[in-house]
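Below: the structure, in structure tokens.
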């Protein structure tokens with residue numbers, strides 16, 4: 045199949061599976077560059093954590109490969125205020141400009157609302173995310189664990205006033221990724237690879 049016909053196909057969105065993870069990592073490397081994406085401040089809130097249950101999405105091309113990805117992560121928007129962190133959102137170059145990024149965003153927002161979450165935070169391009177209701181005014185009292193551009197730190201309330209008066213450091217609260225024990229690594233002859241997640 046040619047790249048032109050692939051680009052015209054709009055893949056369906058589904059929940060991410062364990063089989064998607066390696067392809068997702070490769071897509072994120074393609075979209076952002078591995079070193080650059082792992083250096084981002086928002087990565088400090090994701091590393092070593094699992095994404096929120098039922099809120100990790102993928103789209104597959106006609107050949108079955110992952111062509112788009114989006115995850116949401118559990119965080120606090122200051123002390124004692126649960127929220128979600130969105131990102132990263134990535135779409136393979138062949139599938140851009142087909143509405144897939146917007147479809148992923150709408151799916152994530154609808155599912156997070158359905159599951160009872162109150163707010164979503166992200167770091168990204170304000171003009172793009174404004175169309176989904178994200179605004180920098182909702183994060184004025186919050187900060188991230190590292191350098192970030194205040195104008196790109198955005199919030200969305202899924203429940204009215206969910207971020208009203210939110211103040212403090214955004215911190216990760218998601219379940220930790222299970223790492224192999226030292227005994228398991230030794231049994232593998234030291235060949236086990238510990239992977240960072242994005």
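In the working numbering, the protein residues as written are 45 to 242.
Glycine is no exception: its CB is placed at the ideal position from the N, C-alpha and C atoms.
Computed from a prediction, not measured in an experiment: that's the story for all the values here.
What are the residues that DSSP puts in a beta bridge with residue i?
i           : result
residue 212 : 186
residue 205 : According to DSSP, residue 205 bridges with nothing at all.
residue 58  : 102
residue 198 : 166
Grouping DSSP H, G and I as helix and E and B as strand, with all else coil, what is residue i?
i           : result
residue 80  : helix
residue 139 : helix
residue 90  : coil
residue 226 : helix
residue 99  : coil
Please name the residue, chosen from the options, that lies closest to residue i on a Cα-to-Cα basis.
i           : options               : result
residue 125 : 165, 77 and 189       : 165
residue 90  : 223, 218, 225 and 231 : 218
residue 100 : 209, 189, 182 and 155 : 155
residue 108 : 97, 68 and 159        : 68
residue 158 : 56, 202 and 187       : 202
residue 56  : 92, 130 and 146       : 146
So residue i and residue j are in contact, right, with Cβ under 8 Å, and what is the actual spacing, rounded?
i           : j           : result
residue 105 : residue 59  : The Cβ separation is near 17 Å, so there is no contact.
residue 178 : residue 212 : That belief does not hold up - the Cβ atoms of residue 178 and residue 212 are roughly 20 Å apart, past 8 Å.
residue 122 : residue 54  : With 8 Å as the limit, residue 122 and residue 54 do not qualify as a contact, their Cβ atoms being about 38 Å apart.
Report the residue ranges of all beta strand (DSSP E) runs contained in full by the stretch 108 to 185; include only those spanning at least 3 residues, in chain order. Runs of the beta strand (DSSP E) lying entirely within the stretch 108 to 185, each at least 3 residues long, are 110 to 121, 126 to 130 and 163 to 167 in chain order.
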